[in-house]
Every structure is written in structure tokens, then in C-alpha cells.
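Whatever position you read off the first sequence (first residue = 1), add 27 for the working numbering.
Where is the CB? At the ideal position from N, CA and C, for every residue including glycine.
Note that the coordinates shown come from a computational prediction; the quantities given were computed from them, not determined experimentally.
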Amino acid sequence: MSEVTPASIPTAAPKKMEDIVALCRRRGFIFQSSEIYGGINGFWDYGPLGTSLKRNLKNAWWSDVVERELIGPDGTAIDIVGLDSSIIMNPKTWVASGHVGGFNDPMVDCRESKSRYRADHLVVLGAMEAGARLYAYIENDDEQKAQAAKSLAKYEKRDTLDPARHVLRAFPTITAEERARTVGPNAKEVGTLTEARQFNLMFETNCGAIRDENSLAYLRPETAQGIFTNFWNVCDSTRVRVPFGIAQIGKAFRNEVTPRNFTFRSREFEQMEIEFFIRPESANEWYKWWRDWRFAWWQKIGLAGENLILREHNRDELAHYAKVGAGTSDIEYRFPFTAPGYGELEGIAHRADFDLKAHATHCGKGDKMRYFDQEKNERYFPHVIEPSAGADRGTLALLCEAYTADPTRASGVFMKFNPRMAPVKAGVFPLVNKDGLPEIAERLFRDLRKQHAVEFDEKQSIGKRYARMDEAGTPFCITIDHDGATSGTATVRHRDTQAQERVALDQIPQFVAERVG
RNA sequence: GCGGGUGUAGCUCAGUGGUAGAGUGUCACCUUGCCAAGGUGAAUGUCGAGGGUUCGAAUCCCUUCACCCGCUCCA
């Protein structure tokens, strides 16, 4: 839907996150976790409607990725099998993946420049004597180094530094008192650097009744490693051959520094990940194919507008495992809280053979773990294309996209879900609660319920029932009226237009089935 | 992590030291002839939490938690 809005016509007011959050709570899409105790930062619960919405999203993904036929770039159907690996794994997994080494670094914040630095990357320059100013800069940053030296010389009112007096020390080795008289990089005041703090991005737990260093375990920060560690099991137990994929939906946990923006950055979240194993030389072709197919998929389930974009990463923002390779791209959605920018829904990355090699090395078997290609009679570590999507972020995007203010209707707002995603597919109502109408409506309801998530409502005025269904995002409301009771028909009210059409009762199951995917 | 804002009924909010309120929604009954109609009635509160000041605190002070906004961060 591309719309060129003439200046004379007021554009729709931007959606406010606050309103969406309020509707989610009011209608039972999403609640704060442990709300009666004041909540807990970074955790959310899904209510009845939200659970259905998220489940519809996950089911659509699973169905389209694993179950239904998927035609690959060469025109033949591709193989993807499912997996459900455990959340807690042998901690060596996270050493091999790089999560233990890479994310345990103490960090330092600067209150003045609002920057955050790795403590072991900072060095301080200055005289040893008490009370003297020290200047910190990032190691190997020549520009900052020169600036620090210049500032120090100016402070000490001299032209050049005295190598005997002015020493260089690693930031983690200085005392709190010294830190208090240190000027941070790009800062002017002293004492704006915080002490080095450990950011443990992985949740730790203990496995077994005895709690000691041997019992340390982690809640997985991504589902991917369960796939990689099972790669050999799947190959041995399934008749898959490269190229093929392993798909998994599951919870992951990250002790985010700043959980924010409703469910967007939660500490507990659900991922929908595919690791697609390929011959290294076909990486480019598969990478592009997955990127484009995944983008089209999000469009298909309702994010069809200009709020969805595909963004190729720049080289300098690539993850450690993707420095070489075909590339990384994000499928991003313009959330109300990121606008005019975008937030990531799914990343498609060429992870090369980083993970399989890392596990092969760390488990001690090395090259013996290489995949054997019967056809070509060669051994190699397959490369991986990883489309990794966030189920909670996807659900949030569906909610934001669906939220449509409409001051002309009673609810003031309706949720314009794609029918395949809608938690409730149809509402079935008797126009009035008498004259035999409820009985007819209930028969229809029970009939539809054999196949669809539908709701029956006989209470209160018809307008209120339509309004409630608008907020739940129900695409169709089927009402049995007096005319219909005699002619064997019902009116079907369309959520988006509020238009009605008359449909024969015996046609309604088909009518609904054709429209809800 | 920094700064700003908010927190009182399911929701939106009023209430600035003296009996916790309104609108709306919810529920029940009546009514009903297609978009939150009308009538009658009912239920609903750790005033975010903890501490302090006070004869008395939703209100003043301190601490803390949570959410929203702007930075920061985001393997």
C-alpha cells in the first residue's frame, strides 16, 4: 500500500506505543510478568489473545519452513527437519561458541560522554604523584592517544611529557581514588568514569543439588548451538544430505543491560531459527535466496507495508563469525518506538563453517567430524546460512502493524491482523437473544469450531459485540438475524470495512475456511 | 548506565494533610430488529512497594520497583 498523501489531507496520527501497550493489557494480549509483585524488568506474559497470536505466528513459520513444500533456488524442494534441543547444555558449548569468552568483559561507562568502554581496552596516562590528573584513552587509538598526551601536557603546563614521570597503566589496575581524578576519552571533567563492571549477558544457573564451580551452567543465549551440536546426530539418524536445514523454535535468555521497548528487548524470548547447511561454494546463492524468501514470508503474514525493510549489513557491523562470507542482512520493522528508524525482526547470516568447526575442535575430534559428501566423495565442514527470527518481536510487529485507530467506530481502534494470524477467526452472534436466534447461532458456532478458533457471544448489544471483536482483531463477525433465521442465511461483517454481506448458513464454513488461511 | 515523565477501580483520569471519587468498561436482569443504544441493579482499590514526618499521609520527605520517552547498549 503506497500512499501519497496530499498536504491538504491530514495524515493518520502516528501510533503511540503507550496506546498499543494499553490495548495489549486491556484485551489480554500481553501482561507484565509477575505484575502483582510490581513486575520484573525484561519479562512479559502472554494472555489468551496474545498466546494465540504468537502461536499462530510460530505455527505459520513451522508449517512453511518444515512441513510444507519449499522450493529452493534450483527449482527442487528443499529438506528441513525439526529439532527441539534443551535450554541448558554442557557449558563447554558456550566456550566453543564464543559466548563465554566474548561477553564476560568488564565494561566502564563515562557519565559525561555517555560512552561505554571495555575496561581492558582503556589505558590511563599521567604522573604517579597524588592529586595529579590522569587521562584515559582507548588503546591503539592514535588520535585519542595524542589528544590525551596533549591534554596532559597542557594541564601540567609543559611542552612535552617526561617519560620518567608520565607512565601508562591499564585502566583495571588503577585505584578508585585514581579513577576519581581521571578524565575519560572525549570528556572534560575528572571522575566521570565508573568502576569496571562485569556484564554477564548469559544467565547462570547451577545444575544439580550441590552448588559449586563444577555445577555452573547457562541458560542458552541462542537456540542455534543446540542445532550445531546436534548436526552429526541428525545426519546419522535422518536421510538428509547437504544442502539441508534444521529448524527449531525455542526460548533463549540474555541478561540484557537495558531491557526496553515493551517485549522488543526481553531477557527471556523465543527464537525461530534455521541453520541451513550448504556446500561452501554455494553460500552466495543460498544466502540471497534465504534473505529474499524470508523477507517475502514476513510480508505474506501481514507486514506488507512500507514499515518492513530488508537491510544489508555493512562490513564493520558483522559478527565475529560472519567477517568473511556472503554477508548478513536484517529484516527490520519500523516500530513506533524505533520510528523513523527500524528494529530487527530477523537476521540472515552466512556463518560460514565457524560453529561446526568450533565444536569439532572443542570436543577434541577435529577433522574427523567433517561431513562426508557421498556424491562428490569429499569431506568438508558445511557452511551455514542462518535465518534467525524473533517470535516475540514478530508478534510485537504484528500487533503494531495491526493497531489501527479509527475514531469513527465505537472501539476507537481495531486490530487489522492478517486473517491467518488473527487469534479469533470469527465471532458468531444472534442479533437478539431471543426468537430462536441463539439456537441457530450456537449450531453454526459449534460447526465452525470443529475447524477454527471462533467465539460465540449473545450478551449485550450487537454494537458492543462488534466493538469487542474489533479490538481482538477478529476478521469476521457472523450474525443471525430474523431474516436469516427464515431464509437460512446470516450476515457476515468484515472487520476492516464494517461492510456486511449475506451468506447462506451452509456456505459459511467454506466462506471462513477460504479466508483464514 | 544517564536524563525526563508516569504510577489512584479492568481502562482513562480527578483528588496537594482530614470519610478514596468520576467517567467508562465489566457482570446480572429488563429491553433490543446491525455497529460500545436505553433502564435498573451489582461487584471492583496492597492509592506501585518499603520506611519516615505527623494526632492524621494518595497528598510532605527518603529509599526502592515498574512502565513510557530521549540517550547509551544490543554477540
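Residue i versus the options, residue with shortest Cα-Cα distance
i       : options                            : result
Ile-467 : Thr-524, Ala-480, Asp-508, Ala-449 : Asp-508
Gly-352 : Asp-523, Ala-214, Glu-308          : Glu-308
Tyr-162 : His-193, Asp-147, Asp-186          : His-193
Arg-160 : Phe-364, Val-261, Ala-180          : Ala-180
Ala-385 : Thr-431, His-410, Asn-233, Phe-289 : His-410
Gly-332 : Asp-474, Gly-153, Cys-427, Ser-113 : Cys-427
Thr-355 : Phe-472, Trp-313, Tyr-407          : Trp-313
Gly-158 : Thr-202, Thr-187, Gln-174, Tyr-144 : Thr-202
Phe-456 : Leu-383, Ala-274, Arg-492, Lys-315 : Arg-492
Ala-214 : Leu-532, Ile-301, Ile-165, Phe-296 : Ile-165
Ser-124 : Glu-359, Val-151, His-389, Asp-72  : His-389
Val-92  : Gln-275, Val-284, Asn-341, Thr-78  : Gln-275
Ala-480 : Pro-75, Ala-49, Trp-71, Ile-63     : Pro-75
Asp-400 : Ile-305, Asp-147, Gly-515, Lys-184 : Ile-305
Leu-383 : Glu-156, Asn-260, Arg-529          : Asn-260
Ala-223 : Asn-334, Met-155, Trp-316, Pro-199 : Pro-199
Arg-520 : Ser-514, Thr-513, Phe-538, Asp-533 : Phe-538
Phe-258 : Ser-90, Phe-322, Arg-397           : Arg-397
Asp-147 : Met-155, Glu-156, Asn-167          : Asn-167
Phe-364 : Ile-375, Val-459, Phe-289, Lys-327 : Phe-289
Lys-461 : Val-440, Glu-485, Gln-171          : Glu-485
Asp-72  : Arg-82, Ser-61, Ala-323, Leu-80    : Ser-61
Lys-85  : Phe-296, Gly-515, Asn-341          : Phe-296
Assigned secondary structure, residue i (DSSP; H/G/I helix, E/B strand, else coil)
i       : result
Thr-516 : strand
Asp-111 : coil
Val-455 : strand
Asn-86  : helix
Asp-106 : strand
Ile-328 : coil
Gln-442 : The sequence shown places Met at residue 442, rather than the Gln named in the question. Strand, per DSSP.
Gln-525 : coil
Glu-249 : coil
Cys-599 : The chain is shown only over 28 to 544; residue 599 falls outside these bounds and no answer can be derived.
Ala-123 : helix
Tyr-144 : strand
His-389 : helix
His-479 : coil
Gly-272 : strand
Phe-56  : coil
Pro-536 : helix
Thr-365 : coil
Cys-234 : coil
Ala-159 : coil
Ser-79  : helix
Leu-21  : Nothing about residue 21 can be read from this structure; the chain reaches only from 28 to 544.
His-377 : strand
Residues of its chain near residue i, where Cβ-Cβ distance is below 6 angstroms and the 5 sequence neighbours each way are ignored
i       : result
Met-496 : Gly-454, Cys-504
Cys-25  : Nothing about residue 25 can be reported from this structure: the residues present for the chain run from 28 to 544 only.
Ser-242 : Asn-233, Cys-234, Gly-235
Gly-511 : Ala-517
Asp-106 : Val-267, Phe-271
Ser-29  : Because Ser-29 carries a pLDDT of 32, less than 50, the predicted location of this residue cannot be relied on, and no value is offered for it.
Val-127 : Trp-121
Ala-429 : Met-442, Lys-443, Phe-444, Gly-500
Nonlocal neighbours in the same chain, by C-beta distance under 8 angstroms from residue i, ignoring five residues either side
i       : result
Arg-53  : Glu-498
Lys-177 : none
Leu-195 : Val-150, Val-151, Leu-152
Gly-218 : Arg-206, Ala-207, Arg-208, Thr-209
Ser-35  : Confidence in Ser-35 is poor, its pLDDT being 32 and thus under 50, which makes the residue's placement unreliable; the coordinate value appears in the next sentence. Result list for Ser-35: empty, nothing under 8 angstroms.
Pro-262 : A small fix is needed here, since residue 262 is Cys in this sequence, not Pro. Contacts found: Tyr-398.
Rounded Cβ spacing between residue i and residue j (contact assumed at less than 8 angstroms)
i       : j       : result
Phe-408 : Asp-380 : 4 angstroms
Gly-421 : Pro-286 : Gly-421 to Pro-286, Cβ: 18 angstroms. No contact.
Ala-366 : Pro-100 : So it is not a contact: roughly 34 angstroms between Cβ atoms.
Glu-373 : Gly-329 : In fact, because the Cβ distance is near 15 angstroms, the residues do not count as touching under 8 angstroms.
Asp-136 : Thr-209 : Incorrect: roughly 13 angstroms between the Cβ atoms, too far for contact.
Val-451 : Glu-482 : 5 angstroms
Ala-247 : Ala-279 : In the sequence under discussion, the amino acid at residue 247 is Arg, which differs from the Ala named in the question. Confirmed, about 5 angstroms.
Ala-494 : Ala-437 : 4 angstroms
Met-229 : Trp-88  : About 26 angstroms; that fails the 8 angstroms criterion.
Asn-282 : Arg-294 : 6 angstroms
Check: residue i C-beta below 6 angstroms from any heavy atom of the ligand MG
i       : result
Arg-192 : For the structure depicted, the ligand MG is absent and the ligand set is empty, with no information on it obtainable.
Other residues of its chain near residue i: CB distance less than 7 angstroms, five sequence neighbours each side excluded
i       : result
Glu-302 : Ala-251, Ile-254, Phe-255, Gly-272, Ile-273, Val-411, Glu-413
Asp-474 : Pro-536
Leu-425 : Leu-80, Leu-84, Gly-329, Phe-444, Met-448
Discussion item. What ranges does the alpha helix (DSSP H) occupy inside the stretch 162-232, keeping only unbroken runs of at least 4 residues that lie completely in it?
Written reply: 169-182, 203-207
Practice prompt. Ignoring anything shorter than 4 residues or poking outside the stretch 408-443, list the alpha helix (DSSP H) runs there in chain order.
Written response: 418-429
Discussion item. I'd like the ranges of any beta strand (DSSP E) spanning at least 3 consecutive residues and lying wholly in the stretch 280-327.
Written reply: 295-305
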